[in-house]
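Chemist: So that we are looking at the same thing, I have put the structure below in C-alpha cells.
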C-alpha cells in the first residue's frame, strides 16, 4: 500500500502551519465552527497538488500558500454544507458542524468560509492579470461544484441514472476542485500552460471519487471517519452500485441492516465484479492524468504528481 | 410619501432586463429556485446605487450592469440562506425557497448564487488592477455579512445587547453590502475615490435597516411581503425594541397573539417614543450620507443619490 508521497506531506505541513497561524479566527460561534473543521485534519491533497504544480514550474511552495489555502477552504465549505444536505453525522472522524452546533451555524460557517476562500486567494503574490484568471477559475469552479451537488441530489431521486450521468456528476462534484487546484498552480507560476494542469487534476479528481466510493464499501469505518457502506444505506448511485444493478445485484441496504448483512451485501457486490470494475475505471483515469503531466517540466515535483495519481487509487482511506 | 427616484427606477429596469436576458439558468432544481428568487421582484436598490455612483463619474449605466448584477445576486444569496436560518416562510410576497422546495435546495441555491455573483462581477469591463480591488471588496463584504448574521443569531440568544452592539450588527448585516455597491461603483468608474462612496453606502444601508425595523411594526403585511411585527414575535433586538425595553415596555409578543394584541403592543411601543427614536437615528445617518456625496461631481446622478437617501427612510415598504 503506497503512502502519501513525501512532497505532498511536506506541502500539507505548510498548509497546516498556515492555518494554525491564522487562528483564532474570531470570537463568534461561526469562527469556532470554522476552526473545528479546518483543524480536524484531512489530507490537504488539493492545496498540496496546487503547490506541487507551481513547484514544477519553479515557484517555491512557501510562495503559493495563499492560493493553496484558498482551495482547501473552498473544500471545507462544501463539506460543511454537504453534511447538512445529506444529514451526515461524522466528518473526518469528528461530529459534523450541524450536529455539534446546529443547521443555521453550519449554513453560516460554510458561507463564511466561502468568501474567506476568495479573500485568501486574493492574497497571492501574482500579477493583476493572473489574479483575474485565478478568480475566474475559483468562481466558475464553485458554480460547477454546486451543480454537481445538485445533480447528486436529483439523481438520488431519479428512477434511472446512467454511468455517463454519474461520471458527469463526479466530474462536477469532485473533479473540478482538483482541476482548479492544479490549474491555479499553473497560473500562479506563470507557466504559460493551463489546460494540461487542469486536465490532470480533473482526471485524478474523478479517480479519487470513484476510489472513495470503493472505500465506502471495502474500507474500515474507523479509518474513513464515517459510517461504512453509507452509500448502500442511502441507496446512492455510484460506479459500483450502477454496475451491480446492471448485473442483477440489488445494492441497497435497509436502515437496520446488521454488520453481518452489510458484509454479505458487500461480498455479493464484489462477486458481481462491480468493485473490480470501478477500480479499473479509476486506474484508466490515472493513466490519462499521468499523460497530462508530459506538459510539465521534468523533475521531482512532476514525479511526485505522478506518484500522487497512483496513490489516490490505491490508498486505504 | 416619496417614490423611488426615476434614475433608480431606470437602473433597476436595466438590471431586470439583464436578469431576464440570462434566463433560463439551466434545467436543475437549483436553477429553477435561483430564478424564482431573482425574478420575484425587489427594488434592485443596491445595483441601482452602484450604477448611479459610476454614472456620477461619467460611466454609462449600461456599462456597469455586470458589477451591479453581482451585488444583487450577492443580496439574493443572503436572503435565501437567512430565510432558512430564521425559518421565514415568505420573501418578496412569495414562498421562500426552503418552503417552496426544501432546506437542501435552499442551501444549494444560495451557494450557487454566491459564486455566480463573483463570476458576474468578473465580466466587468475594467482593468485587471480595478478588478482585483472589486474582488477584494466583494469577498471581504461577504465575510462581514456572515459575521453580521452570526451576531444577529447570537444576540437573539443573549441576555443583554447594547445599542452599539445592535448598530454594529446592522452595519455588518446590511450596511456593508450597500457600501460595497457604492464603493464598487466608484472603483469601476476609475473615479480615484473610494472611501466617501463606501461611507455613503454604509450610512444609508444602516438607515435602511433601521427603517426596515420600523416598517416591521408600522407597515402593512401585504406591502412588506412578510408577517407583520415578526420582530416582536421572534423577540428580536432592534433599535426600536431596545429603546422600548430601556423605557419600561416589554416589546415581545406570544406566538398566538391576535391582530388586536399586535396592534396594542405596537401602540404601546409608539407611545414610549421608540419608533420616533429609531426614525430620528435613521435621519441622522442619512444626513451624514448626504455629506459624503460632496466628494462626487455635481449633476443629476449625485442629486438622485441624495434623493435615494431620503427615500430610504421615508418609504412605506
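Chains as they are written, first to last, in the working numbering: chain A, 4 to 320; chain B, 4 to 320. Note that beta-carbon positions come from the ideal geometry of N, C-alpha and C, so glycine has one too. Note that the structure is a prediction, hence the values are computed from the model and not measured.
#1: Quick one: measure Cβ to Cβ for residue 178/B and residue 208/B, integer angstroms, because I've assumed they're closer than 8 Å.
#2: Less than 7 Å between C-beta atoms, sequence neighbours within five positions excluded: which residues of the same chain meet that for residue 291/B?
#3: Any chance the segment 156–173 of chain A sits against the segment 116–133 of chain A, with 3 or more Cβ pairs inside 8 Å?
#4: Where residue 84/A and residue 38/B are concerned, what is the direct C-alpha to C-alpha distance, given to the nearest angstrom?
#5: Taking residue 50/A as the reference, give the member of 64/A, 175/A and 246/A with the closest Cα.
#6: So if I threshold CB-CB distances at 9 Å, which residues from the segment 154–179 of chain B count as touching chain A?
#7: Which residue marks the beginning of the alpha helix (DSSP H) containing residue 246/A, and which one marks its end?
#8: Would you mind working out which of 246/B, 260/B, 200/B and 231/B sits nearest residue 297/B, comparing C-alpha positions?
#9: Considering only C-alpha positions, which residue in the set 123/A, 59/A and 43/A is nearest to residue 94/A?
#10: In this structure, how does DSSP classify residue 193/A when only helix, strand and coil are distinguished?
#11: Chain B partners of residue 107/A, CB-CB under 7 Å?
#12: Mapping the DSSP letters down to three states, classify residue 93/B as helix, strand or coil.
#13: Thinking C-alpha only, which one of 113/B, 46/B and 185/B is nearest residue 60/B?
#14: Considering only their Cβ atoms, is the gap separating residue 124/B from residue 138/B smaller than 8 Å?
#15: Taking the alpha helix (DSSP H) that residue 234/A belongs to, which residues open and close that run?
#16: Can you pull the chain B residues whose beta carbon is under 8 Å from the beta carbon of residue 125/A, in chain order?
#17: Is the Cβ of residue 314/A closer than 8 Å to any Cβ of chain B?
#18: Using a Cβ-Cβ cut-off of less than 8 Å, list which residues of the segment 55–77 of chain B approach chain A; keep chain order.
#19: Let me know the secondary structure DSSP gives residue 98/B once reduced to three states.
#20: Could you work out which residue in 204/B, 202/B and 232/B is closest to residue 215/B when comparing CA atoms only?
#21: Here's the rule: buried if 16 or more other CB atoms are within 10 angstroms of the residue's CB, otherwise exposed. What is residue 258/B?
#22: Can you list the residues of chain B that residue 115/A reaches, using a CB-CB cut of under 8 Å?
#23: Between residue 63/B and the ligand HEM, is there a pair consisting of the residue's CB and a ligand heavy atom that are separated by less than 7 Å?
#24: Restricting to Cα atoms, I'd like to know which of 108/A, 67/A and 143/A is closest to residue 87/A.
#25: Quick check on residue 26/B: buried or exposed, where buried means 16 or more other Cβ atoms within 10 Å of its Cβ?
#26: Report the residue from 261/B, 281/B, 288/B and 253/B whose alpha carbon sits nearest the alpha carbon of residue 271/B.
#27: Would you mind telling me which residues of chain B sit closer than 8 Å to residue 131/A, beta carbon to beta carbon, in chain order?
#28: For residue 46/B, name the three-state secondary structure that DSSP assigns.
#29: In chain order, what residues of the segment 24–41 of chain A put their CB closer than 9 Å to some CB of chain B?
#30: With a threshold of 8 Å between beta carbons, is residue 2/A in contact with chain B?
#31: With a threshold of 8 Å between beta carbons, is residue 118/A in contact with chain B?
#32: Helix, strand or coil for residue 309/B? Go by DSSP, reduced to three states.
#33: Along chain B, in chain order, which residues have C-beta atoms closer than 7 Å to that of residue 110/A?
#34: Out of curiosity, what's the CA-to-CA distance linking residue 35/A and residue 143/A?
#35: Could you give the DSSP three-state label for residue 254/B: helix, strand or coil?
Modeler: The relevant details are as follows:
#1: With a Cβ gap of about 4 Å, residue 178/B and residue 208/B count as contacting.
#2: The residues 206, in chain order, have a CB closer than 7 Å to that of residue 291/B in the same chain once the five nearest residues on each side in sequence are set aside.
#3: Fewer than three Cβ pairs drawn from the segment 156–173 of chain A and the segment 116–133 of chain A lie within less than 8 Å of each other, which leaves the two stretches out of contact.
#4: Their Cα atoms are separated by approximately 21 Å.
#5: Nearest C-alpha to residue 50/A: 64/A.
#6: Those residues of the segment 154–179 of chain B that come within reach of chain A (Cβ to Cβ, closer than 9 Å) are 154, 156 and 157.
#7: For residue 246/A, the uninterrupted alpha helix (DSSP H) segment begins and ends at 242–249.
#8: Nearest C-alpha to residue 297/B: 200/B.
#9: Considering only alpha carbons, the answer is 43/A.
#10: Correct three-state label for residue 193/A: coil.
#11: Contacts between residue 107/A and chain B, judged by CB atoms closer than 7 Å, involve 88 and 156 in chain order.
#12: In the structure shown, residue 93/B falls within a strand segment according to DSSP collapsed to helix, strand and coil.
#13: The residue from 113/B, 46/B and 185/B with its alpha-carbon nearest to that of residue 60/B is 185/B.
#14: A contact, by the Cβ cut-off of 8 Å.
#15: Residue range 233–236 is occupied by the alpha helix (DSSP H) that includes residue 234/A.
#16: Going along chain B in sequence order, the residues near residue 125/A (Cβ under 8 Å) are 135, 138, 139 and 142.
#17: Answer no: the Cβ-Cβ gap between residue 314/A and chain B never drops below 8 Å.
#18: From the segment 55–77 of chain B, no residue has a Cβ closer than 8 Å to chain A.
#19: Residue 98/B falls in the strand class under three-state DSSP.
#20: Closest by alpha carbon: 232/B.
#21: Under this definition residue 258/B is an exposed residue.
#22: Under the 8 Å cutoff, chain B gives 146, 149, 150 and 153.
#23: Summarising the ligand content, the structure contains no ligands, and the ligand HEM is consequently not present.
#24: Comparing Cα positions, the closest option is 108/A.
#25: Within a 10 Å sphere around the beta-carbon of residue 26/B sit fewer than 16 other beta-carbons, which makes this residue exposed.
#26: With distances taken between Cα atoms, residue 271/B lies closest to 253/B.
#27: Those within 8 Å of residue 131/A in chain B are 130, 131, 132, 134 and 135.
#28: Residue 46/B falls in the coil class under three-state DSSP.
#29: Taking 9 Å as the upper bound on Cβ-Cβ separation, chain B lies near residues 29, 31, 32, 33 and 34 of the segment 24–41 of chain A.
#30: Not covered by the structure: residue 2/A. The range shown for chain A is 4 to 320.
#31: For residue 118/A, at least one C-beta of chain B is nearer than 8 Å to its own C-beta.
#32: Here residue 309/B carries a helix assignment [DSSP, helix/strand/coil].
#33: Neighbours of residue 110/A across chain B, judged by C-beta separation under 7 Å: 84, 87, 88 and 110.
#34: Cα to Cα, the separation comes out at about 28 Å.
#35: Reduced to three states, the DSSP call for residue 254/B is coil.
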